[in-house]
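S.K.: Can you read through this structure? Questions will come right after.
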Amino acid sequence: METTYESQNAFGAIFGGAFLMFWLIVSVFMIVCLWKIFTKAGQEGWKAIIPIYNIYVWIQIVGKPGWWLLLFLIPGVNFVIAIWLTNLLSKSFGKSEGFTIGLIFLGIVFYPILAFDRTITYKGPAGDPTRSITGDLSSIGQKLQ
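Mapped onto UniProt numbering, the consecutive letters of the sequence shown carry residue numbers 1 to 145.
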């Protein structure tokens, strides 16, 4: 007796197609959220859709120097830097480390909160309104605190 796998192939195709559609919808939604977050931070929203450049803009929003982008090329270090930048993004909008944990583990919930909640506003790089976004080299020659 010969076994046919046509029903398994059909199930795999349906499941794969459904997963692909779900992934596409979530991806577009997260891009819209990132667009709104960039806009709230005073950046142009279109910068959120350009790979690598969006990370550079994210680094500027949180007030770190642009060369931090190079840290994303180092395996292991990129993971730590991404978590650190997420924490600084949270602080830039006046949120605590608890919100950072939400951004990391439940991003599909917390990024939309950051993007669409009108009571959450950009406070400045890492939550300091007196710090300049463009002042990458502003700390040179200043006393350490």
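Ideal Cβ positions, reconstructed from N, Cα and C, are used throughout, including at glycine.
Here the structure is a predicted model, which means the values were calculated and not measured.
Between T100, G94, L114, which lies nearest to I37 when the distance is taken from Cα to Cα?
M.R.: Position 37 of the sequence shown, counted from the start, is the residue given in the question as residue 37. Of the listed residues, the one whose Cα sits closest to I37 is L114.
S.K.: If you check the beta carbons only, do L71 and T86 fall under 7 Å apart?
M.R.: In the sequence shown, the residue the question calls residue 71 occupies position 71. In the sequence shown, the residue the question calls residue 86 occupies position 86. Cβ atoms of L71 and T86: not closer than 7 Å.
S.K.: How is F93 classed by DSSP in three states: helix, strand or coil?
M.R.: The residue labelled residue 93 in the question sits at position 93 within the sequence shown. Reduced to three states, the DSSP call for F93 is coil.
S.K.: Can you give the Cα-Cα distance for N77 and N54, rounded to whole angstroms?
M.R.: Within the sequence shown, the letter at position 77 stands for residue 77. Within the sequence shown, the letter at position 54 stands for residue 54. It should be noted that the sequence gives Val, not Asn, for residue 77. Straight-line Cα distance between these residues: approximately 19 Å.
S.K.: Nearest to F93 by CA position, among W58, L34, I120, is which residue?
M.R.: By 1-based counting over the sequence shown, the position of residue 93 is 93. Among W58, L34, I120, the Cα nearest to that of F93 belongs to I120.
S.K.: Identify, in the order they occur along the chain, each residue of the same chain with its Cβ nearer than 6 Å to the Cβ of T100, setting aside the five sequence neighbours on each side.
M.R.: On the sequence shown, position 100 is the one that residue 100 refers to. Around T100: T86, N87, S90.
S.K.: I believe G35 touches A48 by the beta-carbon criterion, under 8 Å. Please report the beta-carbon distance rounded to the nearest angstrom.
M.R.: On the sequence shown, residue 35 is found 35 positions in, with the first residue counted as 1. On the sequence shown, residue 48 is found 48 positions in, with the first residue counted as 1. The sequence shown places Trp at residue 35, rather than the Gly named in the question. Indeed, because the Cβ distance is near 4 Å, the residues count as touching under 8 Å.
S.K.: Please state the DSSP three-state secondary structure of T119.
M.R.: Residue mapping note: residue 119 aligns to position 119 of the sequence shown, counting from 1. Coil, per DSSP.
S.K.: Should A41 go down as buried or exposed, given a rule of 16 or more other Cβ atoms within 10 Å for buried?
M.R.: Position 41 of the sequence shown, counted from the first residue, corresponds to residue 41. Of the residues assessed, A41 falls on the buried side of the cut-off, its CB having 16 or more other CB atoms within 10 angstroms.
S.K.: Return the Cβ separation of I59 and L69 in integer angstroms, given the expectation that the two are a contact with Cβ distance under 8 Å.
M.R.: Working through the sequence shown from its first residue, we reach residue 59 at position 59. Working through the sequence shown from its first residue, we reach residue 69 at position 69. That belief holds up - the Cβ atoms of I59 and L69 are roughly 6 Å apart, short of 8 Å.
S.K.: Closer than 7 Å by C-beta to I83: which residues in its own chain qualify, once you throw out the five before and the five after it? Chain order, please.
M.R.: Position 83 of the sequence shown, counted from the first residue, corresponds to residue 83. The answer, listed in chain order, is I104.
S.K.: Please classify G63: does DSSP put it in a helix, a strand, or coil?
M.R.: Residue numbering aside, residue 63 sits at position 63 when the sequence shown is read from its first letter. G63: coil per DSSP, three-state reduction.
S.K.: Can you have a look at F22 and say buried or exposed, based on whether 16 or more other CB atoms are within 10 angstroms of its CB?
M.R.: Position 22 of the sequence shown, counted from the start, is the residue given in the question as residue 22. The residue in question, F22, is exposed, as its Cβ has fewer than 16 Cβ neighbours within 10 Å.
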